[in-house]
Amino acid sequence: MIGYTTVGTNDLQRAMAFYDALFGSVGITRLLELPQIAAWGVNWSKPIFGVAKPYDGSRATPGNGVMIALGQRTRAKVRTLHAKALELGGSDEGMPGVRGADGSQAFYAAYVRDLDGNKLCFYCVGPGGDD
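Each residue of the sequence shown is one higher than the one before, counting from 1 in full-length UniProt numbering.
So, in structure tokens, the structure goes:
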């Protein structure tokens, strides 16, 4: 069920260089690079490790920038989980939608905080059509 994890950074370029070298030493490559996040893994069907600048703009500290991502099979399930979390008293951190380009590797996600403030992401990778 775990799709990926992230840790925070204050210097994404430095972190990418570190993790490129670290993970490269065992044959793991960078799969994603966006302005606020980079991620590494064997492929998109296995758990992925990411490093990100904290979304709230605060300085990264251990814990700030940490998020648990829960992979789903369809965009409909992403929307269902997001809506249910809000219904149960969670708070919205990002409405369901495609992040980046749509297409065969589209990243469709929604973000919430649970009742304790823990950040969760519900996501699926792939084209739409399950709506």
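Backbone N, C-alpha and C define an ideal beta-carbon position, used for all residues, glycine too.
All values derive from a computational prediction rather than experimental measurement.
So, are the CB atoms of residue i and residue j less than 7 angstroms apart?
i, j, result
"W125", "F107", "The residue you asked about is not Trp; residue 125 is Val in the sequence shown. Yes, they are a contact pair."
"A52", "G63", "no"
"E87", "R113", "no"
"W44", "F23", "no"
Can you give me the start and stop residues for the beta strand (DSSP E) that residue i sits inside?
i, result
"L32", "T29 to L34"
"Y108", "F107 to R113"
"V66", "Run containing V66: none; DSSP gives neither H nor E here."
"Y4", "I2 to G8"
"R59", "Looking at the DSSP string, R59 is not in any beta strand (DSSP E), and its letter there is neither H nor E."
"V42", "First-last for V42: undefined, no H or E at that position."
Span of the alpha helix (DSSP H) holding residue i?
i, result
"K84", "R75 to E87"
"M16", "L12 to G24"
Please report the straight-line C-alpha distance between residue i and residue j, rounded to a whole angstrom.
i, j, result
"I37", "T80", "25 angstroms"
"Y19", "I28", "10 angstroms"
"G90", "H82", "9 angstroms"
"M60", "D130", "The amino acid at residue 60 is misidentified as Met; the sequence shows Ala. Cα to Cα, the separation comes out at about 36 angstroms."
"A110", "D11", "25 angstroms"
"V42", "K84", "32 angstroms"
Assuming residue i and residue j form a contact by the criterion Cβ under 8 angstroms, report the distance between their Cβ atoms to the nearest whole angstrom.
i, j, result
"P127", "G103", "6 angstroms"
"T6", "M67", "5 angstroms"
Can you tell me whether residue i is buried or exposed, with buried defined as 16 or more other CB within 10 angstroms of its CB?
i, result
"M1", "exposed"
"K119", "buried"
"A101", "exposed"
"Q72", "buried"
"R14", "exposed"
"A69", "buried"
"G3", "buried"
"G117", "exposed"
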